[in-house]
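*Asks:*
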Amino acid sequence: MKQTLLITGGAGFIGSHLVRLFVNKYPEYHIVNLDLLTYAGNLANLKDIEDKSNYTFIKGDIVDANFINNLFDQYQFDGVIHLAAESHVDRSIEDPAAFIKTNVLGTMNLLNAAKFNWSDFSGKRFYHISTDEVYGTLGETGFFTEETAYDPRSPYSASKASSDHLVRAFYHTYNLPIVISNCSNNYGPYQFPEKLLPLFINNIKHNKPLPVYGDGKYTRDWLWVGDHAAAIDLIYAKGRVGETYNIGGNNEWKNIDLINKLCEVMDELLDREAGTSKKLITYVKDRAGHDRRYAIDASKLMNELGWKPTVFAEEGLRKTAEWYLENEEWLESVTSGAYQDYYAAMYAERS
Ligand code: NAD
Ligand code: TYD
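Its first residue numbered 1, the sequence shown is counted upward by one per residue in the working numbering.
#1: Among the residues of its own chain, which have a CB less than 6 Å from the CB of Phe170, if the five just before and after it don't count?
#2: Mind reading off the beta-carbon distance from His82 to Thr8? Whole number of angstroms is fine, and I expect it under 8 Å.
#3: Within the region 83-133, note down every full alpha helix (DSSP H) run reaching 4 residues or more, in order along the chain.
#4: Indicate, with yes or no, if ligand 2 has a heavy atom lying under 7 Å from the CB of Pro211.
#5: Quick one: is Phe99 buried, meaning 16 or more other Cβ sit within 10 Å of its Cβ, or exposed?
#6: Which of the three DSSP states, helix, strand or coil, is assigned to His355?
#7: What's the C-alpha gap between Lys300 and His206?
#8: Looking at C-alpha atoms only, which residue of Lys59, Asp164 and Leu71 is the closest neighbour of Thr107?
#9: What does DSSP give as the partner residue(s) for Arg220 in the beta ladder?
#10: Using a threshold of 8 Å, state whether the C-beta atoms of Asn42 and Gly10 are closer than that.
#11: Taking the alpha carbon of Leu331 as the point to measure from, which residue in Ala237, Ile201, Glu315 and Glu268 has its own alpha carbon closest?
#12: How many angstroms separate the CA atom of Asp35 from the CA atom of Asp61?
#13: To which residues of the same chain is Tyr183 closer than 8 Å at the C-beta, ignoring the five residues directly before and after it?
#14: Is the distance from the Cβ of Tyr294 to the Cβ of Leu196 below 8 Å?
#15: With hydrogens ignored, establish whether the beta-carbon of Asn185 is closer than 7 Å to any heavy atom of ligand 1.
#16: My assumption, with CB atoms under 8 Å, is that Cys46 sits in contact with Val80. Please give the rounded CB distance.
#17: To the nearest angstrom, how far is it from the Cα of Val225 to the Cα of Glu322?
#18: Does the beta carbon of Asn103 fall short of 7 Å from some heavy atom of ligand 2?
#19: Mapping DSSP to helix, strand and coil, what is Gly226?
#20: Could you work out which residue in Thr244, Ile235, Met266 and Arg287 is closest to Tyr218 when comparing CA atoms only?
#21: Verify whether the separation of the beta carbon atoms of His88 and Tyr213 is less than 8 Å.
#22: How would you call Leu37, buried or exposed, if buried means at least 16 neighbouring beta carbons within 10 angstroms?
#23: Tell me whether the beta-carbon of Ser16 lies closer than 8 Å to the beta-carbon of Tyr236.
#24: For ligand 2, I want to know if Leu196 counts as a neighbour, meaning its beta carbon is within less than 7 Å of at least one of the ligand's heavy atoms.
#25: Name the two residues that bound the continuous beta strand (DSSP E) containing Thr8.
#26: Classify Ala149: buried if its beta carbon has 16 or more other beta carbons within 10 angstroms, exposed otherwise.
Structure representation (structure tokens):
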């Protein structure tokens, strides 16, 4: 095997797309997927590659430093792509401590293990997958660049900003060969249905209300998850050590416009009378500290490494809606049990 690569959080939404890409594209790599399988991690996301000979799944917690050190000792990783995290802003507002534990302490444990285990840093790489939310919020115009000052405003983004800073500190202090990317909102198959699009698709299917926070005029820059995985592949292979790359789809939507378009697509796919799904839209209490607008300038990644997004706007929305409707079993399995209680409590509180 040419190299042994640790991917953390590979059973989650983005991680599962990345693991699949690497296992299929690089048969000469041994891909080790480390994931705790929290509510957001699901091995059903990787059914199609679980028997491949270059793939190993390990269940474990990045917060457990001894476990992580032993894992590095056992596998002698050549590289790390670190995605494992608590990832939902609403949950971070309810329970910030869980985000600090996983996102900050967990990242530090991985950095420490890499630093101690890698006697020679040459050819090694520690890649941290992060979010554009570390930059805070934008007004009506402008974009986040790699030079934008950090201004995290939710416990989630504060925890990701902290982990980014730690990763950079390990580069400056110990010369650990790191790279970071900060990406906008992803969408596509296998996203846990607490995030906007899969939640609303599932609710429309079951004729449940669509809880639009505040005035609905918040803006996000949506990126097809496969385009994110392709960017990570490029940055892992060719990104310059110590650098940060912003990743975004140049695909801005105000929430309410995206939701209206989704409703139209869903009426069509479910063969319902036009306008049926829109009747489910329910304006609810706003999210605390809700960031108004995110938008990414990805020109560094495009110019330096030749990346570009391939899926846009309505096409991506349609592909996403179709996938969730076609994968009913997956949707039912992840929305049973604890999810039901959590969602019922959230909605009761907001409505
Ligand atoms: P996700 O919540 O779908 O998946 C996270 C995965 O991490 C899950 O499989 C979970 O089981 C695992 N995990 C959680 N705690 C763990 C722990 N203590 N030890 C080991 N594994 C643990 O998240 P996602 O949306 O796929 O995001 C992946 C990464 O990308 C995160 O770091 C997130 O901050 C970042 N990101 C996400 C987006 C987005 O739009 N979803 C955008 C930019 C960046
Ligand atoms: P989300 O998918 O949680 O991603 P993030 O908060 O990381 O951007 O939310 C996307 C946008 O949709 C955000 O502006 C909050 C809004 N939103 C709602 O209006 N209702 C909902 O039920 C959810 C989950 C999100």
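For every residue, glycine included, the Cβ atom is placed at its ideal position computed from N, Cα and C. Treat the numbers as computed from the prediction; the structure is a model and nothing was measured.
*Replies:* By the coordinates alone:
#1: The residues are Leu111 and Leu176.
#2: Taking the Cβ atoms as the reference, His82 lies roughly 5 Å from Thr8, within the contact range of under 8 Å.
#3: Whole alpha helix (DSSP H) segments, 4+ residues: 89-94, 96-99 and 106-117.
#4: Correct: Pro211 has its Cβ closer than 7 Å to ligand 2.
#5: Flag for Phe99 reads buried.
#6: Outside the modelled stretch of the chain, which goes from 1 to 351, sits residue 355, for which no answer is possible.
#7: Answer to the nearest angstrom: the Cα atoms are 42 Å apart.
#8: Of the listed residues, the one whose Cα sits closest to Thr107 is Asp164.
#9: Looking at the DSSP output, Arg220 sits in a beta bridge with Trp253.
#10: Cβ atoms of Asn42 and Gly10: not closer than 8 Å.
#11: Residue Ile201 is the option with its Cα nearest to Leu331.
#12: Between Asp35 and Asp61, the alpha-carbon positions lie close to 7 Å from each other.
#13: Before going further, note that residue 183 is Cys rather than Tyr in the sequence given. Closer than 8 Å at Cβ, skipping near neighbours: Ile129, Ser130, Thr131, Asp132, Leu223, His228, Ala231, Asn246, Ile247, Gly248 and Ile296.
#14: Taking the C-beta atoms as reference points, Leu196 is found no nearer than 8 Å to Tyr294.
#15: Answer for Asn185: yes, Cβ within range of ligand 1.
#16: Residue identity differs from the one stated: residue 46 is Leu in this sequence, not Cys. Leu46 to Val80, Cβ: 19 Å. No contact.
#17: Their backbone Cα atoms lie some 15 Å apart in a straight line.
#18: Taking the Cβ of Asn103 as the reference point, every heavy atom of ligand 2 lies at 7 Å or farther away.
#19: Assigned with DSSP and collapsed to three states, Gly226 falls in helix.
#20: Out of Thr244, Ile235, Met266 and Arg287, Arg287 has the C-alpha closest to the C-alpha of Tyr218.
#21: Taking 8 Å as the Cβ cut-off, His88 and Tyr213 do not qualify as a contacting pair.
#22: The Cβ neighbour count for Leu37, taken over all protein chains shown within 10 Å, is under 16; the residue is labelled exposed.
#23: With contacts defined as CB atoms closer than 8 Å, Ser16 and Tyr236 fail to qualify as a contacting pair.
#24: Correct: Leu196 has its Cβ closer than 7 Å to ligand 2.
#25: Segment Gln3 to Thr8, the beta strand (DSSP E) holding Thr8.
#26: It counts as exposed.
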